[in-house]
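Numbering (my numbering), first residue to last: 14 to 80.
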């Protein structure tokens, strides 16, 4: 083994991202995005449920007034 081969062995090779790592990063990004969207949708659903409860309360009040 000559000096150039020894230096080449000692040098750290640049890290090249493999296909599996790229896929994992893409899936992680998609997961984070969808998780955030679910959080928004859950908040919107909670707001709609609260609004629906108020409407139902209004209907009950009107029913009582009509008696």
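Ideal placement from N, C-alpha and C gives every residue a C-beta, glycine not left out.
- Message: Can you give me the C-alpha to C-alpha distance between residue 60 and residue 45, rounded to a whole angstrom?
- Response: 23 Å
Measuring CB to CB, does residue 30 end up less than 9 Å from residue 43? no
Please report how far the alpha carbon of residue 63 lies from the alpha carbon of residue 76, in whole angstroms. 20 Å
message = Quick check on residue 79: does DSSP put it in helix, strand or coil?
response = coil
Check whether chain B comes within 9 Å of residue 35, counting only Cβ atoms and requiring the distance to be less than that.
Of the protein chains in the structure, only one exists, and it is not chain B.
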